[in-house]
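Notes follow once the structure below has been shown.
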Amino acid sequence: MDIELLRTFLEVERLRHFRKASEELFVTQAAVSSRIKLLEETLGVPLFIRQKRQIDLTPEGHRFKRYAERLIAEWRKARHDVSLGQTASQLAVGGTIRVWDAGMQEWVHDVHRTYPELALILEYHTPETLIRKLLDGQLDLGFILEPPQIDIINIVQVAELELVMASTRPDVTVEEAMADGYISVDWGLSAALQHRRLYPDAPEPAIRIANASVALDFILEFGGAAYFSWREIADEIKGGEVFLVRDAAPIPRSVYAIHPVRTDRLDLISDVISEFKYRVALPKRPRRKKQDN
């Protein structure tokens, strides 16, 4: 199977447009059409339903997508592994965007310091995609807030987070913070349920953001309040940019490492998991200066 056929299929599926896929792949639109036709002839089934202004996957295309993603991932890992020679080890690691906010970036730095010869393939995914890639063997290790209860997946708690409500206005109450400029940050289903139990009568926020770092940048620019992990706002609190909201209850969360129970890299995985440290004191991030009016 030509790997370029798989890449072309996935790009057309992502963009649902042959011309846009050709631009992303730096080939002609005719080449994209020819590759898809060859792939369909090889498989013996149509992969796309071609309509005048819309391209959709056929049922066969939906089933093939998972295999195409797995083959591409395995090819990338194999090429990376072979190019490393025999002296280096490799791990494919994924995390959800919430865990990247919760300390995974610092974990990557720590692992690289401790194991400078270790080759890392780093990805971020939705929880569902992360779990699927672990089960398919495309990832060796994952970090997640809400781990699956699956017998063939091992779960290790690596950090405790405390989500706290913070506002750009000092000395405000919970009611004041949630009434004006409050942002709902997606910290997962269990955090959302606990938030609802704590504040059953709170108005629906006008803005919802999945990424805590994006939410923090937003309130620093426009004002407002939201729940953040303590480590995410430690510098901003110290610098007087945000303030803890009076009487707001903290929401505890845990970070978990997950990996297949049966793996030939168990010792290495256990070693790198131990490098995940919950740290509050982080370097100050550079921020865009506001222009004077």
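In my numbering, each residue carries its 1-based index in the sequence shown increased by 24. Quick reminder that beta carbons are idealized off the backbone N, C-alpha and C, glycines included.
Pop quiz: valine 188 and alanine 272 are said to be a contact at Cβ under 8 Å. What is the actual Cβ separation, rounded to whole angstroms? 7 Å
Which whole-angstrom value is the C-beta distance of glutamate 12 and leucine 240, which I expect to be below 8 Å? With the chain running from 25 to 317 in the structure shown, residue 12 is simply not present.
Taking DSSP as the reference, what is the three-state secondary structure of glutamine 129? helix
Using the Cα positions of leucine 244 and threonine 197, report the straight-line distance between them to the nearest angstrom. 19 Å
Excluding the five sequence neighbours on either side, which residues of its own chain have a C-beta within less than 8 Å of the C-beta of phenylalanine 167, listed in chain order? Val117, Gly118, Gly119, Thr120, Val123, Met128, Trp131, Val182, Val279, Tyr280, Ala281, Ile282, Phe300
Spatially closest choice to arginine 156 from Asp259, Ala97, Arg193, by CA coordinates: Ala97
How many Å lie between glutamine 75 and proline 284 at the Cα? 42 Å
Only counting the same chain, and skipping five residues up and downstream in sequence, which positions put a Cβ closer than 7 Å to that of leucine 146? Val117, Val132
Classify glutamine 218 as helix, strand or coil using the three-state DSSP reduction. helix
Could you pull out every unbroken beta strand (DSSP E) segment of at least 3 residues lying fully inside the region 117-200, listed in chain order? 143-148, 165-168, 177-191
Between valine 36 and phenylalanine 88, which are expected to be in contact by the criterion C-beta below 8 Å, what is the C-beta distance as a whole number of angstroms? With 8 Å as the limit, valine 36 and phenylalanine 88 do not qualify as a contact, their Cβ atoms being about 12 Å apart.
Can you give me the Cβ contacts of tyrosine 251 inside the same chain, cut-off strictly under 6 Å, excluding the 5 residues immediately before and after it? Leu187, Met189, Val209
Contacting residues, own chain, Cβ-Cβ under 6 Å from threonine 192 (five flanking each side not counted): Ile243, Gly247, Val266
Does DSSP put alanine 102 in a helix, in a strand, or in coil? helix
Please report how far the alpha carbon of proline 203 lies from the alpha carbon of leucine 169, in whole angstroms. The identity of residue 203 in the sequence shown is alanine, whereas the question assumes proline. Straight-line Cα distance between these residues: approximately 28 Å.
Write down the C-beta distance between alanine 258 and glycine 205 rounded to the nearest angstrom, noting that I regard them as a contact closer than 8 Å. About 22 Å; that fails the 8 Å criterion.
Just mark alanine 54 as buried or exposed, buried being the case when its beta carbon has 16 or more other beta carbons within 10 Å. exposed
What's the gap between the Cα of arginine 289 and the Cα of leucine 222? 43 Å
Let me confirm a value: valine 304 is counted as buried when at least 16 other C-beta atoms fall within 10 Å, else exposed. Which label applies? Because valine 304 sits at a pLDDT of 39, beneath the cut-off of 50, its placement in the model cannot be relied upon, and the following sentence gives the value as read from the coordinates. Classification of valine 304: exposed, given that the 10 Å Cβ count is below 16.
Starting from the C-beta of histidine 219, find all residues in its chain whose C-beta is less than 6 Å away, skip the five residues before and the five after it, and write them out in chain order. none
What first and last residue would you give for the beta strand (DSSP E) that runs through phenylalanine 300? Element bounds for phenylalanine 300: n/a, residue is neither H nor E.
For tyrosine 148, I'd like the list of residues in its chain whose CB is within less than 8 Å of its CB, leaving aside the five on either flank, ordered along the chain. Gly118, Gly119, Thr120, Ile121, Trp124
Would phenylalanine 33 pass as a contact of serine 57 if the rule is Cβ separation under 7 Å? no
What residues in its chain sit with their C-beta under 6 Å from that of isoleucine 27, if we drop five residues either side in the sequence? Trp99
Alanine 236 lies in the beta strand (DSSP E); which residues open and close that run? Per DSSP, alanine 236 belongs to no beta strand (DSSP E); it is in the alpha helix (DSSP H), 236-246.
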